[in-house]
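Chains as they are written, first to last, in our numbering: chain B, 74 to 472; chain L, 201 to 415.
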Amino acid sequence: MGLKQNLHKLKEKYKGTKMAPAFNALHTFLYTPNETTHSGSHVRSADDLKRTMNTVIMALIPCLIFGIFNAGYQHYAAIDSTLRLDPLGNFFTWDNFILGAWTVLPLVIVSYVVGLGVEFIFAIIKKHEVEEGYLVTGMLVPLIVPIDIPLWMLTVAVIFGVVIGKEVFGGTGMNILNPALTIRAFLFFAYPTWMSGDKVWVHGAKAMTGQPDAISGETILGSLAQNHEPIYSIWDSFWGFIPGSVGETSTFLILIGALFLIFTKIGSWRIMLSAVLGALAMGLIFNGVVDAGWIKDGNSFYGLMSETFWHHLIIGGLAFGIVYMATDPVTASQTNKGKWIYGFLIGFISVLIRVFNPAYPEGVMLAILLMNVFAPTIDHYVVQGNIKKRMKRLKAKTA
Amino acid sequence: MGLLSKKDSRLILDPLADNNPITIQVLGICSALAITAQLKASIVMAISVVFVLGIGNVVISLMRNIIPSKIRIIVQLVVVAALVIIVDQVLKAFAYELSKQLSVFIGLIITNCIIMGRFEAFALANKPWRSFLDGIGNAAGYGVILIIVGFFRELLGSGTLLGFKVLGDPITKTGLYAIGYENNGFMLLSPMALIVIGLIIWVQRSRNKELIEEN
């Protein structure tokens, strides 16, 4: 008897008991259920929640693998800066992989175990089925945190994010805020010393502070915010050989993920495109302000404002946020026109926060959370506008 | 209870739990979010409101038959303002540091909805003794939530209680801090107070299903 049969038997055995949703979830996660719908009308589609989730995870896998190598690479490159002379040659090495896996995989495991644990507990208390909602969140979380975040902090944050961000609103599909970003925002405000500065982006930097062989790794945004010249070229940044949160450094891989999501019609191209336009627009405005001479060198905003406008898309987590989190179908706007407005404002506000708030060097997290809150309002006005337009047309016809 | 009749004791006990001004009526949220980062401030605020609402209810109740109803809000404001100024001056005289920390929020007791609410809803229609009990009860119900929120925010946010380092010293790394524990800075920000109050509301309503509102 195979595992599937065993699981099915267990499921039947526990039917109607408290633990039933747990076995059900395990069964449907691993296999197609044995039961089929018998009555009523139903839609046949290959595209269920589980497959949607799996598609996004597939799009994230390259970022994860790259992140593992990058974690090792940044550590060794911080110790021996000659490695940076030939990033590609020194990147895909076993040393990097082993160190990276050693630091990144615990984050992934903690994220999934804790998050799914909370989901299971809530499913049992509320007596509903476990939903697949955490699958993507669980993969996003380790990719958007600094490499050395203590695991207990991640645990606290994941519990907070899943309970306050999602379960109190009624679970998957009912949440207002993106759960992965809720988790990150919690970490950011609760433990700022672990989430920003120049000591958190490279493995070991914080532990070795004050020692003679101390290392550090400032992100490009961090350097610019302090008006330092970043040590990385824009191409390093595009390929991803830079310090940053675990999986967001490689714009190239994010671009591939974006194409994959657009091709499979899982991610909305409207949101991605309009967010890019929004970021470019704000970047252009700032460039214009600098060109007009209103902001001079020496001003505390000069570094970020004078950065060439399209660089904003490549540095920091903006691209990752736009592709994987702004497009979250639950928290984004639902109407097509709404998606344009929603996306545009995300890009626009991200760059705005980036430049004007040195305490929040990455604005995309706060921008997406803010627009999550406004998404239903945008939809409301788009729908009302449409109704008004059609009423007018109807009146013109009947008159 | 020998001292109070059953009806009277309900005046005090109801607002503590099933008719709590903060968690059920959702009044007085503003100050509950603003000053609960420290337990000490929460306690002082709770005592101040007990004083103001207890005495204020009695004064309004004594005057309830002579206040013209058209100007009753102004009269209520005068009473409350007088009492708040007394509290403010006492704090400034005997606990200056604390009064600086509470800053405008003592003054803003005047605008605390719970106080005007009890004047309007209870003191204007009841005798002084019962009004006094109602005032004490409602202010205590407010205070209890403040103290619970203040307890968790100070413990998790600063690792102290009433200023004592109960979890160890974060700088010399003793106690919990020796094993890598860190204070949760989010607890010191007001949004977290709202979430803590939300959690209290959640716990209270899931223990007593009758409190869940229909919608």
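Just so you know, even glycine gets a beta-carbon here, dropped at the ideal spot from N, CA and C.
Local conformation of residue i per DSSP, three classes
i             : result
residue 248/B : coil
residue 413/B : helix
residue 218/L : coil
residue 406/B : coil
residue 124/B : helix
residue 265/B : helix
residue 144/B : helix
residue 157/B : helix
residue 342/B : helix
residue 169/B : helix
residue 321/B : coil
residue 315/B : coil
residue 201/L : Confidence in residue 201/L is poor, its pLDDT being 46 and thus under 50, which makes the residue's placement unreliable; the coordinate value appears in the next sentence. If DSSP states are grouped into helix, strand and coil, residue 201/L belongs with coil.
residue 135/B : helix
residue 303/B : coil
residue 480/B : Nothing can be reported for residue 480/B, as the shown portion of chain B is limited to 74 through 472.
residue 337/B : coil
residue 430/B : coil
residue 444/B : helix
residue 308/B : helix
residue 270/B : coil
residue 234/L : helix
residue 225/L : coil
Interface partners of residue i on chain L, CB under 8 Å
i             : result
residue 196/B : Within chain L, no residue comes near residue 196/B; the closest Cβ sits about 16 Å away, beyond 8 Å.
residue 417/B : Those within 8 Å of residue 417/B in chain L number zero; the least Cβ separation is about 27 Å.
residue 242/B : Under the 8 Å cutoff, chain L gives no residues; its nearest Cβ is about 12 Å from residue 242/B.
Opposing strand residues paired with residue i [DSSP bridges]
i             : result
residue 372/B : 370/B
Distance, residue j Cα to residue i Cα
i             : j             : result
residue 408/L : residue 167/B : 58 Å
residue 201/L : residue 293/L : Low confidence applies to residue 201/L: its pLDDT is 46, below 50, so where it sits in the model is not reliable, and the reading given next is rough at best. Spanning the two alpha carbons is a distance of roughly 38 Å.
residue 131/B : residue 153/B : 34 Å
residue 92/B  : residue 197/B : 6 Å
residue 291/B : residue 274/B : 7 Å
residue 393/B : residue 354/B : 19 Å
residue 324/B : residue 250/L : 59 Å
residue 210/B : residue 83/B  : 28 Å
residue 428/B : residue 254/B : 20 Å
residue 443/B : residue 408/B : 18 Å
residue 265/L : residue 297/L : 41 Å
residue 267/B : residue 403/L : 31 Å
residue 174/B : residue 160/B : 19 Å
residue 438/B : residue 207/B : 19 Å
residue 171/B : residue 279/B : 20 Å
residue 326/L : residue 289/L : 30 Å
residue 457/B : residue 267/L : 49 Å
residue 415/B : residue 337/B : 22 Å
residue 303/L : residue 260/L : 27 Å
residue 411/L : residue 234/L : 26 Å
residue 287/L : residue 252/L : 8 Å
residue 249/B : residue 295/L : 44 Å
residue 274/L : residue 440/B : 45 Å
Contact list for residue i against chain L, beta-carbon separation under 9 Å
i             : result
residue 264/B : 382, 383, 384, 385 and 386
Cross-chain neighbours of residue i in chain B, by beta carbon under 7 Å
i             : result
residue 395/L : 237
residue 389/L : 262
Per-residue contacts from residue i into chain L (C-beta, under 7 Å)
i             : result
residue 223/B : 380
residue 259/B : 386
TODO: Tell me the start and end of each unbroken alpha helix (DSSP H) in the segment 334-414 of chain L that is at least 4 residues and wholly inside, in chain order.
DONE: 390-407
Task: alpha helix (DSSP H) runs contained entirely in the segment 194-228 of chain B, provided each spans 4 or more residues - done: Taken in chain order, the complete alpha helix (DSSP H) segments of 4 residues or longer contained in the segment 194-228 of chain B are 207-216.
- [ ] Please list the segments of the alpha helix (DSSP H) lying wholly inside the segment 244-327 of chain L, counting only runs of 4 or more residues, in order along the chain.
- [x] 272-294, 296-302, 304-307 and 313-321
- [ ] Would you list, in sequence order, the uninterrupted alpha helix (DSSP H) runs of no fewer than 4 residues that lie entirely inside the segment 379-405 of chain B?
- [x] none
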